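Chains D and F, in that order, are what the protein sequence lines are. First residue of the first sequence? That's 0 in numbering that gives the first Met the number 0, and the numbers climb one at a time after it. First residue of the second sequence? That's 0 in numbering that gives the first Met the number 0, and the numbers climb one at a time after it. Right, one structure below, let's go through it.
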Amino acid sequence: MLRIPCPFCGLRDQVEFQYGGESHIERPENPEQASDAEWADYMFYRENPKGIHYERWVHSFGCRQWFNLARDTVTHEIIEAYLVGDQPKSRKRDAGDESYG
Amino acid sequence: MAKHLANSARLVNGGFIDRDKPITFQFNGQSYIGYGGDTLASALLANGVKVFGRSFKYHRPRGVFTAGEEEPCALVEIGAGDARVPTSRAPTVPLSEGLVANSQNCWPSVSFDVGRVIDFTHVFWPAGFYNKTFKWPSWHTWEGMVRKSAGLGRPLTGPDPDHYEQVNAHCDLLICGGGPAGLVAALAAGHAGLRVMVAEQSEEFGGSLNWEQYQLDGKPAYSWARDIEAQLADMSNVMLMPRTTVTGVYDHNVTTLLQTGKNNTWRECLWTVRPRHILLASGAIEQGLIFPSNDRPGIMLASAARQYLNRYAVKPGNNVIIATNNDTAYQTVFDLAREQISVSTVVDSRSKVSEALRQRVSDLGAYLLTGARISNTSGSKGINSVRIEDLEGNDLGNRKCDLLAVSGGWAPRVHLLAHARGTLRFDAVSQSFLPDRLPPGMSVAGSANGTAGLEESLAESARAASMICETLGFPADQFQTPVVTTCIVESRSVSPMQLDNTKQRQWIDLAHDVTFGDAELAVREGYVSVEHFKRYTTTGMSVDQGKTGNLNAFIVLGALTSRNTGEVGTTTFRPPYTPVTLGAIAGREIGEFYAPRRYLPAHTVHQKLNAQFEDYGWQRPDCYRQQGESPEQAVHREARAVRASVGVFDNSPIGKLEVRGPDAAEFLNRVYMNNVLTLKPGRARYGLMLNENGIIIDDGVFIRLAEDHFLVHTTSGGVARIGGMMEEWLQCEWTDLQVLLDDMTTQWANFTIAGPKARNVLTALGTDFDFSSSALPHMAAAVGTVAGLSARAARVSFSGELSFEINIPARQAARFFEAILEAGKPFDITPYGIEALMMLRTEKGYLHVGTDTDGASTPDDVGWGHVARNKVTDYIGKRSLFREGNMDQDRKQFVGLEPLDPNQQIQPGGHLLIGKDRQPPAETDGWVTSACFSPNLDRYIALGVLRAGRGRAGEILTVCDEDRQFNVKVVSPVFYDPENKRLKE
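Below you can see the structure in the form of structure tokens.
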């Protein structure tokens, strides 16, 4: 179980939150004009990195606010939490630095 | 009460048992006496019991192999009835007055077990035999018999009668293991001011100090441990947790601990601890040796023999032989000699042994054979002799014994480190896997880290504690570790195993009866990766999880595949370290506490009406049974009454989201498929909500109370989900919209008054607003008072009758409900439940999202395509509706179905086969989604989804429902009052 640093409430257990998938997904400005490929990209295509993942969480059983996390998908280390609309301070690390048996 | 061989194998003096506290217990129906401090294993050994059970596959007699949780042989059933515990490891069962224990996996008795025939025919049952045999005439012919003979413990059949608790905790430092390393670290960290928790799986702290013959600071190790335990118990910032096993380490060091109760109201308590740092001081497990017939009763680990002797004052044998590949086993020779127990021979596979050890062994009159190994053993119900050979296979003769103490080296307990994704490396000197890269926030000290000596372990632990204090911001003074004034034989060095691969029946996993032959078979068949090897042979998969055998198994696999052990690696270590009762995981959330019951605010009134409650997320009436009525009769009566006169339905659980703000209309217009902007204040509209994939996720009526104020009704089950979805869009995507939303579901009770006489009832109740047909037409809303109560009323219908849905404050629900019943008396008002509600809406072909729709249903599928396509502005899911697949004309469409025989029962789930009188197998074009007997039409009706169904009205199809087939006609889903005349009155 992760311990998640809610920007509003502090460090809380994962069970208080719900996961919202990858962050910084841009909804097409004019969905009507989006091609099938552009719409599919928005709907379904995700980075799925082995390494730092920028993702959304909501503190459902707490302040009920959405926020962003930078989390390493291999080690589950949480590098930072930041607000919706902000950009993360951390930069993406290269995947494959260490071998994960 | 018969006393069987009363403590015949107990030393007169010595040990740390309480001879003033005799304890009576039973094993296999016989009574025995043990003492305070005994375990079941030590007490049975002291009473001369040799055979504890039968092995898993071959039903061979087995004794006790270890003195700890790693026990693979002495697996017994404790207790009786619904509270019995199968497959308990006898060395971990504390002896208590009246304890009842029985052998497992044997019939009729442990002394004579019919299942042993499998041992005598063992050539037919190698690893994975069930994948290759029992195929003719079919597996199912044999399946029953094989399944019956498989397994080890007897499963329970009744509910668990015991109570379990759960606790959450935080601390600075969690120490796993209360042995010497753990105790020193606890003392050091405790003095520095950290909040410390120390978890120790046994009753007493001290670990090996409780049986090894050390002296610290001039005191016997056992006494030193008691002193330290008392000191720690006195420190308010240190929590000692005996009988507590750390079962798993999870992400961010969140750790589970299983605490066993003692004279508590609860049997086990599951702790979830969030430490800032973890110290692994979990020690190491001695390993066995691999040689032919290495599984007999009377063969045990050398350190176990010492523990039984020194701690429990048990004579584990009278005539002992030691087999080893390292120095530590020699301490067993010296400890036994101290108690005048004869050791005849030490069989050491190494070619060289230190002069000091040689001399001591010789002084005791024992033989030391180096470069030698055991080649066979005899004695079915208890070992009576061994055969010895040199490493070239030359026979060195037979020797008698009644105890063979073995040592194949030590495997550090690195499980918790591995759970937390630390890595291991194979160390050739100790022939074991040691911690390599530590996970963040975890340290290791003592024999868990491969450190062999007590003095080094204590120093290492003090250093680790110091570093942890520093890291956590608690500067500490230098900690003075005790001096080891008397030592035992210590060594890190273990010689590589010398296996004779020509011999049969050498066990590599005692608990799952896996032999060296199985390992060879696995390799021959290509299962050479360690994970494949494990699963093919089942090595390490039993209740002991290979604690005494896995290391040797990996070494053997390496030898068979010409790889060094480090290349082979280990299998994945997974929690829990030792078994956890499901009851502990459930805690108190069982029975009535499994899920909260939600009651309607007017629950007591429903009870008085003899409501038949069912759980729909809320306790709601299915129907109201009158005197002598069956539920079916009640439902039909209610459904008829609504259309004949008037009914009342409690719809309080319906979702009520209030949406307010200058941008409320704009927001809802983007959320609903329907146009919201054109809705005038005082009006209501039925709407569909879609997800971005264009799939219907909820439906309901929304009411505009004012320019900037909406009341959104969602399904009762969907309100939390829809409210959450709306918040997500407002917080993450449309952050510029000024909208506030709140879930007011529980604040308002809701009653529907439906039927031709509905207006009459409203008149009798009294309102301060005009509800005539012109003032309040269909889909209009009003705010005012009803029966003197603050109310929001809407003319909305789910029954197809003239209908008013009235919201009043929830705390006044009971009073309002009774007022409605009173006002409706002259009109025979009938309370109706969920079943009748569903019947009425099915008669009208009204959608039930989640029943008539599924995860693929789009608006056009259910006949709302024109609205979806005609809305010009964007809304959630709109773009997806224009994908090719969503515009396909052959999609499943919502239709009505009428059995050709009006009395033909039809139910949801039946498939629609193309054509009349079809028999399966045949092509299916859809299925029945809703169905009921319609009391208002006096026939069975149904709704369903059918490929391109809207264009197939009149077509005859066959319904295939389990083993029945019958014909239906495709019709409009609106069975009753298709022109909606009654609705618009």
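For each residue, glycine too, the CB sits at the ideal point set by N, CA and C. Since the structure is predicted, the reported quantities are computational estimates derived from the model, not experimental observations.
query = Given Arg45(D), which residues of its chain have a CB within under 6 Å of its CB, disregarding the five upstream and five downstream residues?
reply = As a working note, residue 45(D) is residue 46 in the first sequence. Excluding positions up to five away in sequence, the list reads Glu21.
request  = Using 7 Å as the cut-off, classify the Cβ of Glu489(F) as near or not near the heavy atoms of the ligand ADP, replying yes or no.
outcome  = This structure simply doesn't include the ligand ADP, nor any ligand for that matter.
ask   = If you compare alpha carbons, which of Gly799(F), Ala5(F), Asp698(F) and Val122(F) is closest to Val645(F)?
value = Numbered from its first residue, the second sequence carries residue 645(F) at position 646. Comparing Cα positions, the closest option is Gly799(F).
task = Tell me whether Trp106(F) is buried or exposed, calling it buried when 16 or more other Cβ atoms sit within 10 Å of its Cβ.
result = Taking the second sequence and counting its residues from 1, one reaches residue 106(F) at position 107. Classification for Trp106(F): exposed.
request  = Within its chain, find whatever has a CB closer than 6 Å to the CB of Tyr526(F); leave out the 5 residues flanking it on each side and keep chain order.
outcome  = Locating residue 526(F) in the second sequence gives position 527, where the first residue counts as 1. Same-chain partners within the cutoff: Phe532 and Tyr535.
ask   = Counting pairs of beta carbons, one from the region 508–528 of chain F and one from the region 342–358 of chain F, are three or more of them closer than 8 Å?
value = no
ask   = What do you get for Tyr845(F), buried or exposed, if any count of 16 or more other CB atoms within 10 angstroms of its CB means buried?
value = Within the second sequence, the letter at position 846 stands for residue 845(F). Per the 10 Å Cβ criterion, buried.
ask   = Taking Cβ-Cβ distances shorter than 8 Å, what residues in chain F pair up with His64(D)?
value = The sequence position of residue 64(D) within the first sequence is 65, counting from 1. The amino acid occupying residue 64(D) in the given sequence is Gln; His does not appear at that position. Neighbours of Gln64(D) on chain F, chain order: Gln730.
request  = Taking a Cβ distance cut-off of 9 Å, strictly less, list which residues of the region 265–294 of chain F are near chain D, in chain order.
outcome  = Thr271 and Arg273
message = On the criterion of 16 or more Cβ atoms from any shown chain inside 10 Å, does Ser54(F) qualify as buried, or is it exposed?
response = As a first step, residue 54(F) is located in the second sequence; it is residue number 55 there, counting from the start. Per the 10 Å Cβ criterion, buried.
inquiry  = In this structure, how does DSSP classify Asp347(F) when only helix, strand and coil are distinguished?
reply    = The residue labelled residue 347(F) in the question sits at position 348 within the second sequence. Residue state, collapsed to three classes: strand.
task = Give the DSSP bridge partners of Thr485(F), in chain order.
result = One-based indexing of the second sequence puts residue 485(F) at position 486. DSSP lists Gln214(F) as partners of Thr485(F).
Residues near Gly247(F) in its chain [Cβ-Cβ closer than 6 Å; skip 5 each side] = As a first step, residue 247(F) must be located in the second sequence, where it is residue number 248. Taken in chain order, the residues that qualify are Thr255, His418, Pro574 and Pro575.
inquiry  = Please state the DSSP three-state secondary structure of Leu729(F).
reply    = As a first step, residue 729(F) is located in the second sequence; it is residue number 730 there, counting from the start. Of the three classes helix, strand and coil, the one that applies to Leu729(F) here is helix, per DSSP.
query = Alpha carbon to alpha carbon, what distance is there between Trp747(F) and Phe7(D)?
reply = Position 8 of the first sequence holds residue 7(D). Position 748 of the second sequence holds residue 747(F). Computed Cα separation, rounded: 31 Å.
request  = Kindly list the residues whose CB is nearer than 8 Å to the CB of Ile22(F), restricted to its own chain and excluding five residues on each side of it in sequence; keep chain order.
outcome  = By 1-based counting over the second sequence, the position of residue 22(F) is 23. So the list reads Ile32, Gly33, Tyr34, Gly35, Asp37, Ala42, Leu94, Ser95, Glu96 and Leu98, once near-sequence residues are dropped.
ask   = So, are the CB atoms of Val109(F) and Val50(F) less than 8 Å apart?
value = One-based indexing of the second sequence puts residue 109(F) at position 110. One-based indexing of the second sequence puts residue 50(F) at position 51. Their beta carbons are under 8 Å apart, which means Val109(F) touches Val50(F) by this criterion.
Chain F contact for Asp35(D) (CB, 8 Å cutoff) = Position 36 of the first sequence, counting from 1, holds the residue named residue 35(D). Asp35(D) counts as touching chain F.
query = Do you know whose CA, among Gly370(F), Thr745(F) and Glu69(F), lies nearest Gln497(F)'s CA?
reply = In the second sequence, the residue the question calls residue 497(F) occupies position 498. Closest option to Gln497(F), Cα to Cα, is Gly370(F).
inquiry  = Measuring only the C-alpha atoms, how far is Glu897(F) from Gly864(F)?
reply    = For the purposes of this step, residue 897(F) is taken as residue 898 along the second sequence, with counting starting at 1. For the purposes of this step, residue 864(F) is taken as residue 865 along the second sequence, with counting starting at 1. The alpha-carbon atoms of Glu897(F) and Gly864(F) are separated by roughly 24 Å.
request  = Take Asp900(F) as the anchor and find which of Phe881(F), Phe965(F), Ala855(F) and Gly452(F) has the nearest alpha-carbon.
outcome  = The residue given as residue 900(F) occupies position 901 in the second sequence. For the residues Phe881(F), Phe965(F), Ala855(F) and Gly452(F), the minimum Cα distance to Asp900(F) belongs to Phe965(F).
task = Could you name the residues that DSSP lists as bridge partners for Trp270(F)?
result = Locating residue 270(F) in the second sequence gives position 271, counting from the first residue. In DSSP, Trp270(F) forms a bridge with Val166(F) and Leu256(F).
ask   = Could one say the Cβ of Arg573(F) lies closer than 8 Å to chain D's Cβ atoms, at least one of them?
value = Working through the second sequence from its first residue, we reach residue 573(F) at position 574. Chain D contact via Cβ: absent.
request  = Could you tell me whether any Cβ in chain D is nearer than 8 Å to the Cβ of Lys877(F)?
outcome  = Here residue 877(F) refers to the residue found at position 878 of the second sequence. Yes, Lys877(F) lies at the interface with chain D (some Cβ there is under 8 Å from its Cβ).
key: Beta-ladder partner(s) of Ile320(F), from DSSP   = Within the second sequence, numbered from 1, the residue matching residue 320(F) stands at position 321. Answer is Thr344(F) and Leu403(F), bridged to Ile320(F).
request  = State the start and end residues of the unbroken beta strand (DSSP E) segment that holds Asp426(F).
outcome  = Locating residue 426(F) in the second sequence gives position 427, counting from the first residue. It spans Leu423 to Asp426 - the beta strand (DSSP E) in which Asp426(F) sits, taken as one unbroken run.
task = Compile a chain-ordered list of the residues in the region 338–364 of chain F whose CB is closer than 9 Å to at least one CB of chain D.
result = none
key: Residue environment, Gly143(F), which counts as buried when at least 16 other CB atoms sit within 10 Å   = The residue given as residue 143(F) occupies position 144 in the second sequence. Exposed, because fewer than 16 other Cβ atoms sit within 10 Å of the Cβ of Gly143(F).
query = How about Glu800(F): is its C-beta nearer than 8 Å to some C-beta of chain D?
reply = The sequence position of residue 800(F) within the second sequence is 801, counting from 1. No, Glu800(F) lies away from the interface with chain D (no Cβ there is under 8 Å from its Cβ).
key: Under 9 Å from the C-beta of Val253(F): neighbouring residues of chain D   = Counting from 1 along the second sequence, the entry for residue 253(F) is found at position 254. Here the neighbours are Met0, Leu1, Arg2, Asp12 and Gln13.
message = For Gln430(F) and Val529(F), what's the separation of their Cα atoms in angstroms?
response = Taking the second sequence and counting its residues from 1, one reaches residue 430(F) at position 431. Taking the second sequence and counting its residues from 1, one reaches residue 529(F) at position 530. Cα to Cα, Gln430(F) sits roughly 17 Å from Val529(F).
query = Is it buried or exposed for Pro858(F), if we count other Cβ within 10 angstroms and need 16 for buried?
reply = The count along the second sequence starts at 1 and reaches residue 858(F) at position 859. By the 10 Å Cβ count, Pro858(F) comes out buried.
Assigned exposure category for Leu599(F) - 16 Cβ within 10 Å defines buried = Numbered from its first residue, the second sequence carries residue 599(F) at position 600. So Leu599(F) counts as buried.
key: Cut-off 8 Å between Cβ atoms - residues of its own chain near Ser456(F), not counting five sequence neighbours on either side   = Mapped onto the second sequence, residue 456(F) falls at position 457. Excluding sequence neighbours, Ser456(F) sits near Pro179, Ala180, Ala444, Gly445, Ser446 and Thr450.
query = In whole angstroms, what is the alpha-carbon distance linking Gly908(F) and Asp960(F)?
reply = Locating residue 908(F) in the second sequence gives position 909, where the first residue counts as 1. Locating residue 960(F) in the second sequence gives position 961, where the first residue counts as 1. Cα-Cα distance, rounded: 7 Å.
task = Determine the contact status of Asp435(F) and Arg420(F), defining contact as a CB-CB distance below 8 Å.
result = Sequence index remark: in the second sequence, residue 435(F) carries index 436 (1-based). Sequence index remark: in the second sequence, residue 420(F) carries index 421 (1-based). Cβ distance not < 8 Å, so Asp435(F) and Arg420(F) don't count as in contact.
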